[in-house]
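Notes follow once the structure below has been shown.
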Amino acid sequence: MHNRFIIALLTLALLVQGCAGLMPGKSSRTTAGYHEDLSAWRPELPAVEAPADTLALQPADLSDSLYQEVSGRLNYLLDTVAAFSRQANRYIEGYSIQIFTGDSRAEARERMMDFLRSFPDSEPKLTFEQPNYKVRIGRYYSRLEAYAFYREVRRVFPKAILVPVRIYL
């Protein structure tokens with residue numbers, strides 16, 4: 119027990135020593151003695167004097183027409199972005215019940231027919247997402263909404279799961 123304590127203490131001391139940085143103001147490399155004259159390589163540029171009138175600041179004209187023009191352009195841009203967003207996001211995140219996933223199309227169709235025999239009012243959907251066939255039922259907007267039917271499906275298909283899907287509008 120005493121040896122373990124000493125080993126732990128030494129390990130901690132080495133860890134603290136290893137993590138300690140250099141003292142402020144000191145560097146690991148000394149460059150104090152290094153000096154190189156690069157003036158021979160610098161190009162000589164002629165001095166340019168700016169006229170005095172260009173340096174004076176001109177007061178900005180902040181009339182109401184400028185504000186109306188900017189707000190008009192801003193409203194146009196915001197409307198364009200809103201229209202683009204409406205076109206781009208034509209789906210919402212939702213849930214579906216998946217009763218089968220596998221690489222056999224025949225088995226997927228068989229599971230779909232089994233489901234139709236058990237739940238004739240439902241419409242299962244067979245999809246192919248490479249390399250698997252999937253049989254999914256329903257499009258639900260919330261997990262809670264999907265869970266009621268999911269419990270019934272689990273009695274017949276114990277391997278059924280709730281999966282997040284995109285519901286296109």
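Count along the sequence shown starting at 1, add 118, and that's the number in my numbering.
Even glycine gets a Cβ: it sits at the ideal position worked out from N, Cα and C.
Counting the other Cβ atoms within 10 Å of the Cβ of arginine 254 gives 16 or more, which makes it buried.
Sequence-distant partners of alanine 264 (beyond 5 residues in either direction) whose C-beta falls short of 6 Å from its own C-beta, in its chain, are Tyr213, Tyr258 and Leu280. Secondary-structure assignment with DSSP links valine 283 through a beta bridge to Gly212. Residue state for phenylalanine 218 is assigned as strand, using DSSP reduced to three classes.
Excluding five sequence positions before and after arginine 261, the CB atoms of its chain that fall closer than 7 Å to its own CB belong to Tyr213 and Leu280, given in chain order. In the three-state reduction of the DSSP assignment, tyrosine 258 falls in the strand class.
For phenylalanine 275, there is no enclosing beta strand (DSSP E), as DSSP gives it neither H nor E. With contact defined as three or more Cβ pairs closer than 8 Å, the stretch 243-251 and the stretch 186-206 are not in contact. Judged by their CB atoms, leucine 287 and isoleucine 215 are not nearer to each other than the 8 Å cut-off. Serine 236 is a Cβ neighbour of valine 274, given a cutoff of 8 Å.
Closest in C-alpha terms to arginine 284, from the list Lys277, Gly256, Tyr268 and Pro276, comes Gly256. For the pair tyrosine 268 and serine 222, the CB atoms are not nearer than the 8 Å cut-off.
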